[in-house]
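Residue numbers (this note's numbering): -5 to 217. Accompanying notes for the structure given below.
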């Protein structure tokens, strides 16, 4: 996976396309009013052959955080600093974590540009402060979904899952928020589009690994 070369030599960075925002995985889903990381879900009842999907990726031109947000203003609503409170088990993004029906999943995954159901790991986030724009969740917490994984005979391959380091429980991150998108009943919803974790020294790891942003000087890098 190619990284970014910085503002002087921008490159296009692959990103998922399953919905009108850019979480590292399939598109976002809408969070409940008081989202909580679910407990382990029952084992999925995979179909006789299972289902497999390789998440397609779009390309975003990433030069700087401010430029990325400005260029995608129709997607992003705000920038916030959050604490990663917990991480849940690998599960489906249905309300109870169980596998969708065979008919629903087959119809959904055959339309990979707009699929609603996916396998992933939920991270519970707590808002610390809004740096720019709006926090679009209805409460102080939300769930960030990192798509990808295998449950039973079903597998979702997300080539973008490690485009930035994975969140760590107890760590701090900068997130890009998005308006809630209604994918209909049977799908948990999230308003977190991208998550950029901060390392132990407070440096924020964005799509450009050479970009120099810290939690302390985040205000200097806003749109």
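For every residue, glycine included, the Cβ atom is placed at its ideal position computed from N, Cα and C.
Start-to-end residues for the beta strand (DSSP E) that takes in residue i
i	result
residue 129	Looking at the DSSP string, residue 129 is not in any beta strand (DSSP E), and its letter there is neither H nor E.
residue 151	148 to 151
residue 201	Counting along the chain, residue 201 falls outside any beta strand (DSSP E), and DSSP gives it neither H nor E.
residue 187	186 to 191
residue 170	166 to 171
residue 74	72 to 81
Rounded C-alpha distance that separates residue i from residue j
i	j	result
residue 210	residue 190	15 Å
residue 167	residue 207	12 Å
residue 68	residue 213	21 Å
residue 120	residue 58	25 Å
residue 118	residue 140	11 Å
residue 110	residue 102	7 Å
residue 40	residue 104	With a pLDDT of 42 at residue 40, under the threshold of 50, the modelled position of this residue cannot be trusted, and the question is left open.
residue 44	residue 186	29 Å
residue 17	residue 181	Because the pLDDT at residue 17 is just 33, under 50, the model does not fix this residue reliably, and the value given afterwards should be weighed accordingly. One C-alpha to the other measures close to 16 Å.
residue 219	residue 116	For residue 219 there is no data in the structure shown, the boundaries of the chain being -5 and 217.
residue 184	residue 135	10 Å
residue 55	residue 113	27 Å
residue 132	residue 202	31 Å
residue 46	residue 93	13 Å
residue 75	residue 173	17 Å
DSSP state of residue i mapped onto helix, strand, coil
i	result
residue 136	strand
residue 64	helix
residue 145	strand
residue 212	helix
residue 59	helix
residue 118	strand
residue 69	coil
residue 85	strand
residue 37	Interpretation of residue 37 is limited by its pLDDT of 40, a score under 50 that renders its predicted location unreliable; the figure taken from the coordinates is listed afterwards. Three-state DSSP puts residue 37 in coil, outside helix and strand.
residue 113	strand
residue 175	coil
residue 158	coil
residue 183	strand
residue 217	coil
N-terminal and C-terminal residue of the alpha helix (DSSP H) that residue i is part of
i	result
residue 101	96 to 103
task = Please confirm if the segment 148 to 160 is in contact with the segment 123 to 130, defined as three or more CB-CB distances below 8 Å between the two stretches.
result = Verdict: no, contact absent.
Exercise. Is the number of C-beta pairs between the segment 159 to 169 and the segment 141 to 150 that are closer than 8 Å three or more?
Worked result: Judged by Cβ distances under 8 Å, the segment 159 to 169 makes no contact with the segment 141 to 150, as fewer than three pairs qualify.
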